[in-house]
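Chemist: Using the working numbering, the letters of the sequence shown map in sequence onto residues 5 to 214.
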Amino acid sequence: MTVLQPKVLWSSDVTQMAENFNKKCVIGLDRDGVLNIDRGTYTIDPKDFEPIEGSLEAVARIRQLGHKIVIITNQGGIEHGLFTEEDVDKLHDYMFELLGRAGCPSINALYYSASSAKNDMYAKPNTGMFKRCEKEHSDIKFSKGYYVGDKISDLKVAMKMNSKPILVRTGYGKETEELINKRFTYKKIKKATKIFDDLAAFVNWLEAQN
Ligand SMILES: [Mg+2]
């Protein structure tokens with residue numbers, strides 16, 4: 005089962021950026037280990053949502069650059085009965101509040117899967133959430149954008165969507181970097197992936213591309 009929060013806008017959008025939105029590509033973001041510290045357990049309570057230093061400001065800068073932003077995250081704890089969709093929504097409300105305070109007035113969409121099961125078409129590294137997002141947002145094409153994550157499943161799904169895979173060394177990123185360096189099977193992923201210390205470093209690079 006997949007839960008969808010279709011469109012998240014928590015203030016009137018920034019109109020002067022509107023024309024940029026058409027030109028600039030989408031930046032897809034994983035949540036845990038990219039935006040907030042991944043403690044190796046599920047983040048359920050808002051008080052456990054601890055932003056990685058500079059990450060929320062980095063999202064705000066992506067917005068200021070005029071890119072579309074979509075957060076796509078597996079929340080398999082729902083399937084395991086550890087928390088509910090309501091808990092996840094509550095946590096995301098808190099995250100949006102923090103993003104707003106950091107200077108990011110809106111994002112384009114947020115999708116989460118209630119399962120992390122391999123055979124769930126929506127759970128990363130499967131592409132269901134991405135395809136559904138494209139179907140529901142005609143201006144979003146992941147093949148023309150980036151997907152930023154910290155796990156091998158993030159890089160895999162980016163590859164499947166023809167999105168540029170970005171690995172950050174926060175969360176499980178360092179382990180993932182070792183993995184793609186070590187295993188021959190990940191040679192193709194390694195070649196395609198760009199690696200940054202954290203989201204802020206990626207955005208510095210992104211900014212320099214403009
Ligand atoms: Mg992650």
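All C-beta atoms in this analysis are idealised placements derived from N, C-alpha and C, irrespective of residue type, glycine included.
Thinking Asp91 and Ile48 are a contact (beta carbons under 8 Å), I'd like their distance in whole angstroms, please.
Modeler: Position 87 of the sequence shown, counted from the first residue, corresponds to residue 91. Position 44 of the sequence shown, counted from the first residue, corresponds to residue 48. Going by Cβ atoms, the distance from Asp91 to Ile48 rounds to 6 Å, so yes, they are a contact pair.
Chemist: How would you label Ala204, buried or exposed, when you count the other beta carbons within 10 angstroms and need 16 or more for buried?
Modeler: Taking the first residue of the sequence shown as position 1, residue 204 is located at position 200. Under this definition Ala204 is a buried residue.
Chemist: Considering only DSSP beta bridges, list what Val30 is partnered with.
Modeler: Position 26 of the sequence shown, counting from 1, holds the residue named residue 30. Val30 pairs with Lys72.
Chemist: DSSP three-state label for Asp170, please.
Modeler: By 1-based counting over the sequence shown, the position of residue 170 is 166. Correcting the residue type first, residue 170 is Ile in the shown sequence and not Asp. Residue state, collapsed to three classes: strand.
Chemist: In terms of residue numbering, what span does the alpha helix (DSSP H) encompassing Ser157 cover?
Modeler: Taking the first residue of the sequence shown as position 1, residue 157 is located at position 153. Ser157 -> alpha helix (DSSP H) spans Ile156 to Lys164.
Chemist: Would you say Val30 and Asn112 are within 9 Å of each other, going by their C-beta atoms?
Modeler: In the sequence shown, residue 30 corresponds to position 26, counting from 1. In the sequence shown, residue 112 corresponds to position 108, counting from 1. In contact: Val30 and Asn112 (Cβ atoms closer than 9 Å).
Chemist: Taking 9 Å as the threshold (C-beta atoms), are Ala162 and Tyr176 in contact?
Modeler: For the purposes of this step, residue 176 is taken as the residue at position 172 of the sequence shown. For the purposes of this step, residue 162 is taken as the residue at position 158 of the sequence shown. Contact: no.
Chemist: Where does Asp36 fall in DSSP's three states?
Modeler: In the sequence shown, counting from the first residue as 1, residue 36 sits at position 32. Reduced to three states, the DSSP call for Asp36 is strand.
Chemist: According to the Cβ coordinates, are Phe75 and Asp124 closer than 9 Å?
Modeler: Position 71 of the sequence shown, counted from the start, is the residue given in the question as residue 75. Position 120 of the sequence shown, counted from the start, is the residue given in the question as residue 124. Reading off the sequence, residue 75 comes out as Ile, not Phe. In this structure, Asp124 does not lie closer than 9 Å to Ile75 by Cβ.
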